[in-house]
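Shown next, in C-alpha cells, is the structure this report addresses.
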Amino acid sequence: KLALRKQGEAHRALELLEDYHSKLIKPQDKQLRNAIERVIRIFKSRLFQALLDIQEFYEITLLDDSKSIQ
Amino acid sequence: LRLCKGAVSMILDSLDDIHCLTDCTDKDRDFLQNILEDTQFHALLDKQDKVGIFTLR
C-alpha cells in the first residue's frame, strides 16, 4: 500500500536525521544541527502526518476511477 | 517565511558533509536525498510554510 510505504519512508528518514543530529556535535555544526532539528519536527508533527494522509486520500481516490466520494 | 524549505535545502546542501562527518552509508545518504527532494514532500513543505506554524519558533 502506498500509505504504508510512505509512512515507512518517513519513519526511516526520521531515524536517519536523529542519528545525524546525535553525531554532529562540533560547534561549527550548530546551524546544520538546527536545520536538522527543524526537519525532525516537521516529520514528527501531527500536521505533517495529517497532510500526508489527506494527500494520499486524494491521490488514491483521484487515481482510482472505481472509487467515488459519496 | 519559507523556514521549512530553507531547513530542507540546507540539509540537502550538506548531505555530502554529513556523509563524511558521520559514518552513514551511501545508501542512507541517497535514500534521504530522495526523500528530501521528493516533489510531494515539497508540496507539503509549501503548505506548512504557508500555514506558518513553524515560523513562530
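Residue numbers (the working numbering), protein chains in the order written: chain A, 1 to 70; chain B, 71 to 127.
All C-beta atoms in this analysis are idealised placements derived from N, C-alpha and C, irrespective of residue type, glycine included.
- Query: Are the beta-carbon atoms belonging to residue 39/A and residue 78/B less than 8 Å from one another?
  - Reply: yes
Rounded to the nearest angstrom, how far is the Cβ of residue 35/A from that of residue 81/B, given a contact under 8 Å? 5 Å
Would residue 57/A be called buried (16 or more neighbouring beta carbons within 10 Å of its own) or exposed? exposed
Using the beta-carbon count (16 or more within 10 Å), is residue 90/B buried or exposed?
exposed
Neighbour list for residue 16/A in chain B, Cβ cutoff strictly below 8 Å: 94, 98, 101 and 102
_Assuming residue 62/A and residue 6/A are in contact, meaning their beta carbons sit under 8 Å apart, how far apart are those beta carbons, in whole angstroms?_
About 16 Å; that fails the 8 Å criterion.
Note to self: Restricting to Cα atoms, I'd like to know which of 119/B, 116/B and 88/B is closest to residue 26/A.
What the structure shows: 88/B
Three-way DSSP call (helix, strand, coil) for residue 26/A in this model: coil
query: When DSSP labels each residue in this structure, what does residue 61/A get in the three-state scheme?
result: helix
task = Would you decide whether residue 118/B is buried or exposed? Buried here means 16 or more other CB atoms lie within 10 Å of its CB.
result = buried
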